[in-house]
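A.B. asks: So in my numbering, spot 172 of the sequence shown is number 180, and the numbers just go up one at a time.
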Amino acid sequence: LKVCGTKAYVAQSPWIQSGKIEDNILFGEHMVRERYEKVLDACSLKKDLEILSFGDQTVIGERGINLSGGQKQRIQIARALYQDADIYLFDDPFSAVDAHTGSHLFKECLLGALSSKTVVYVTHQVEFLPAADLILVMKDGKITQSGKYVELVNIATDFMELIGAHREALSTLESFDGGKTSN
9 LKVCGTKAYV AQSPWIQSGK IEDNILFGEH MVRERYEKVL DACSLKKDLE ILSFGDQTVI
69 GERGINLSGG QKQRIQIARA LYQDADIYLF DDPFSAVDAH TGSHLFKECL LGALSSKTVV
129 YVTHQVEFLP AADLILVMKD GKITQSGKYV ELVNIATDFM ELIGAHREAL STLESFDGGK
189 TSN
């Protein structure tokens with residue numbers, strides 16, 4: 009396997025270094041204010057920065073101890089976006105954020121800012137799968153099926169197990185909240 013181009017990786021568990029939020033996003037790159045502002049918007053960070061006394065100049069403690077899990081994850085995603093890489097690997101990056109924020113990040117980052125990039129996206133969140141160019145279904149560490157969403161829905165048993173489990177989980181949630189959960 010030969011990979012050509014620059015790469016950026018976003019892990020499921022956020023990695024944050026001690027220092028200013030701005031430094032965590034720039035990660036050694038030069039500041040380009042317009043690009044930086046677009047990244048903050050795409051990653052839903054502006055409201056968080058407005059709340060902090062020193063905004064993006066706020067010093068975050070070791071491993072981001074003074075930030076929520078969702079804030080750390082959005083900073084990590086912002087770092088990847090700011091790198092303007094050719095290839096992105098996202099390992100279930102929205103598991104640390106609420107559903108609304110996850111949908112925003114998916115739309116603004118993967119479908120928006122990264123729409124012209126190569127993105128490999130690992131997820132268990134089936135609501136994002138219809139937008140994928142290609143889906144690889146894995147079971148027991150092996151690829152068992154591949155194709156577009158509409159193809160897999162019609163023929164793929166492992167894929168349908170995943171979809172069925174998702175629908176069952178939503179149904180369970182709806183029974184707890186009186187049917188207020190939406191697909």
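For glycine and all other residues, C-beta sits at the position ideal for the given N, C-alpha and C.
None of the values given here were measured: they were computed from a predicted structure.
Rank Ile33, Trp23, Ser52, Leu160 by C-alpha distance to the C-alpha of Asp3 and give the top, closest one.
C.D. replies: A question about residue 3 goes unanswered here, because the residues of the chain that appear run from 9 up to 191.
A.B. asks: Can you tell me where the alpha helix (DSSP H) with Asp31 in it begins and where it stops?
C.D. replies: On the sequence shown, position 23 is the one that residue 31 refers to. Unbroken alpha helix (DSSP H) run through Asp31: 29–34.
A.B. asks: Closest by CA to Glu135, which one among Phe114, Lys147, Leu142, Gly120?
C.D. replies: As a first step, residue 135 must be located in the sequence shown, where it is residue number 127. Of the listed residues, the one whose Cα sits closest to Glu135 is Phe114.
A.B. asks: Please report how far the alpha carbon of Asp94 lies from the alpha carbon of Leu122, in whole angstroms.
C.D. replies: Stepping through the sequence shown from its first residue, residue 94 is reached at position 86. Stepping through the sequence shown from its first residue, residue 122 is reached at position 114. If I take the Cα positions, the gap works out to 9 Å.
A.B. asks: Between which two residues does the beta strand (DSSP E) harbouring Asp99 extend?
C.D. replies: Position 91 of the sequence shown, counting from 1, holds the residue named residue 99. Per DSSP, Asp99 belongs to the beta strand (DSSP E) from 95–99.
A.B. asks: For Phe35, count neighbouring Cβ atoms within 10 angstroms of its own Cβ and tell me buried if that reaches 16, exposed if not.
C.D. replies: By one-based count along the sequence shown, residue 35 stands at place 27. Phe35 comes out exposed.
A.B. asks: Would you mind sorting Leu53 into buried or exposed? The rule is 16 or more other CB atoms within 10 Å of its CB.
C.D. replies: Numbered from 1 along the sequence shown, position 45 holds the residue referred to as residue 53. The residue is buried, with at least 16 neighbouring Cβ atoms inside 10 Å.
A.B. asks: Got a sec, what are the start and stop residues for the alpha helix (DSSP H) Leu118 sits in?
C.D. replies: If you number the sequence shown from 1, residue 118 lands on position 110. Note, Leu118: premise wrong, no alpha helix (DSSP H); not H, not E.
A.B. asks: Helix, strand or coil for Ile151? Go by DSSP, reduced to three states.
C.D. replies: Position 143 of the sequence shown, counting from 1, holds the residue named residue 151. Three-state result, Ile151: strand.
A.B. asks: Taking the alpha carbon of Gln8 as the reference point, which residue from Thr152, Ser183, Ala19, Thr165 has its own alpha carbon closest?
C.D. replies: Nothing about residue 8 can be read from this structure; the chain reaches only from 9 to 191.
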